[in-house]
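This report concerns only the one structure given below.
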């Protein structure tokens, strides 16, 4: 059974810092991995989707990497801003099913 | 273009009642999935439908059921509500099931409170 963990559970940084969020999964036979952002009480906003054959994806100040063999993905946020404050979730879709398995998320606070 | 839309946004029910949640996917998307998110946790998979057929079911009791209509919209039904069913219910759509077209797009969710 696929399990996804995220470290740290919460993170507070001053504005302007570069930061890294970590995601680990137990079964490396994944189909793809997707990073999401969730504001309090809201739905999930898709940030980046990485196919299993890819090593990384970039969108603006965000860069996500994938190391399937070690069961890890990282989300790098450059020059953080207060508007980046939210919970960041990673989710993996494995080769056996059609659903995504989510991690518990990292709650990020960027202080002005 | 409209994103994934869900209704109602908030609702309050009492134990034992029944609830129906509705979801309209992004235009052209054929797959709809339902997730339950309890406060402080990541979403848990409930159902996936593609072309009106159930393609996946998570570890939820038979009180949970769903269906997809010819226009690809979907309903999630929960019978005999329990206090533990209180959660944010999220609907997600994707163009297809896999590849780049398997990217999930979520609605704002339906917040269910069971008293």
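Chains as they are written, first to last, in this note's numbering: chain A, 30 to 141; chain B, 346 to 460.
For glycine and all other residues, C-beta sits at the position ideal for the given N, C-alpha and C.
(message) List, in chain order, every chain E residue whose beta-carbon is nearer than 7 Å to that of residue 449 of chain B.
(response) Chain labels in this structure do not include chain E; the protein chains are A and B.
(request) May I ask which residues mark the beginning and end of the beta strand (DSSP E) holding residue 391 of chain B? (result) In the second chain, the residue the question calls residue 391 of chain B occupies position 46. Start and end: 389-395.
(message) By the DSSP assignment, the beta strand (DSSP E) with residue 296 of chain B in it spans what residues?
(response) Here chain B covers residues 346 to 460 and nothing more, so residue 296 of chain B does not appear.
(message) One question on the structure: do residue 348 of chain B and residue 450 of chain B come within less than 8 Å of each other, judged by their Cβ atoms?
(response) Here residue 348 of chain B corresponds to residue number 3 of the second chain, with the count starting at 1. Here residue 450 of chain B corresponds to residue number 105 of the second chain, with the count starting at 1. Taking the C-beta atoms as reference points, residue 450 of chain B is found nearer than 8 Å to residue 348 of chain B.
(message) I'd like to confirm the pairing. Which residues does DSSP put opposite residue 121 of chain A in its beta bridges?
(response) Stepping through the first chain from its first residue, residue 121 of chain A is reached at position 92. Residue 121 of chain A pairs with A:62 and A:130.
(request) Would you mind stating whether residue 79 of chain A and residue 93 of chain A have Cβ atoms separated by less than 8 Å? (result) Within the first chain, numbered from 1, the residue matching residue 79 of chain A stands at position 50. Within the first chain, numbered from 1, the residue matching residue 93 of chain A stands at position 64. Taking a C-beta distance under 8 Å as the contact criterion, residue 79 of chain A and residue 93 of chain A qualify as a contact pair.
(request) Please report how far the alpha carbon of residue 455 of chain B lies from the alpha carbon of residue 400 of chain B, in whole angstroms. (result) Walking along the second chain from the start, residue 455 of chain B turns up at place 110. Walking along the second chain from the start, residue 400 of chain B turns up at place 55. Each residue's Cα considered, the two are about 22 Å apart.
(request) Determine, using beta carbons only, whether residue 139 of chain A and residue 59 of chain A come nearer to each other than 8 Å. (result) If you number the first chain from 1, residue 139 of chain A lands on position 110. If you number the first chain from 1, residue 59 of chain A lands on position 30. Cβ atoms of residue 139 of chain A and residue 59 of chain A: not closer than 8 Å.
(message) Is the separation between the beta-carbon of residue 103 of chain A and that of residue 35 of chain A shorter than 8 Å?
(response) For this step, residue 103 of chain A is matched to residue 74 along the first chain. For this step, residue 35 of chain A is matched to residue 6 along the first chain. No, they are not a contact pair.
(request) Classify residue 384 of chain B as helix, strand or coil using the three-state DSSP reduction. (result) Taking the second chain and counting its residues from 1, one reaches residue 384 of chain B at position 39. If DSSP states are grouped into helix, strand and coil, residue 384 of chain B belongs with coil.
(message) Check this for me: beta carbons of residue 411 of chain B and residue 392 of chain B, under 8 Å apart or not?
(response) On the second chain, position 66 is the one that residue 411 of chain B refers to. On the second chain, position 47 is the one that residue 392 of chain B refers to. With a cutoff of 8 Å on beta-carbon distance, residue 411 of chain B and residue 392 of chain B are scored as near each other.
(request) Kindly indicate which residue of A:124, A:128, A:115 and A:119 has the alpha-carbon position closest to the one of residue 41 of chain A. (result) As a first step, residue 41 of chain A is located in the first chain; it is residue number 12 there, counting from the start. The shortest Cα separation from residue 41 of chain A among A:124, A:128, A:115 and A:119 belongs to A:115.
(request) Would you please verify whether the beta carbon of residue 453 of chain B is less than 8 Å from any beta carbon of chain A? (result) The residue given as residue 453 of chain B occupies position 108 in the second chain. Yes, because at least one Cβ of chain A sits closer than 8 Å to the Cβ of residue 453 of chain B.
(message) Would residue 393 of chain B pass as an interface residue toward chain A - the criterion being a Cβ-Cβ separation below 8 Å?
(response) Within the second chain, residue 393 of chain B is the residue found at index 48, counting from 1. A Cβ of chain A is located within less than 8 Å of the beta carbon of residue 393 of chain B.
(message) My output table needs one value for residue 113 of chain A: the three-state DSSP class, helix, strand or coil.
(response) Residue numbering aside, residue 113 of chain A sits at position 84 when the first chain is read from its first letter. Under the three-state reduction of DSSP output, residue 113 of chain A falls in the helix class.
(message) Using a Cβ-Cβ cutoff of 9 Å, what residues of the segment 366-388 of chain B are near chain A? List them in chain order.
(response) Contact annotation: in the segment 366-388 of chain B, residues whose CB is within less than 9 Å of a CB in chain A are 376, 378, 380, 382, 385, 386, 387 and 388.
(request) Confirm, please, whether the CB-CB distance from residue 117 of chain A to residue 95 of chain A is below 8 Å. (result) Against the first chain, residue 95 of chain A aligns to sequence position 66. Against the first chain, residue 117 of chain A aligns to sequence position 88. It is not a contact, given that the beta carbons lie outside the stated cut-off.
(request) With 7 Å as the limit, tell me which residues of the segment 391-420 of chain B have their beta carbon closer than that to any beta carbon of chain A; keep them in chain order. (result) Per Cβ criterion, the list reads 393, 400, 401 and 403.
(message) So with CB distances below 9 Å, who are the chain A contacts of residue 356 of chain B?
(response) In the second chain, counting from the first residue as 1, residue 356 of chain B sits at position 11. Listed by position along chain A, the residues whose Cβ is nearer than 9 Å to that of residue 356 of chain B form an empty set, because the closest Cβ is around 14 Å away.
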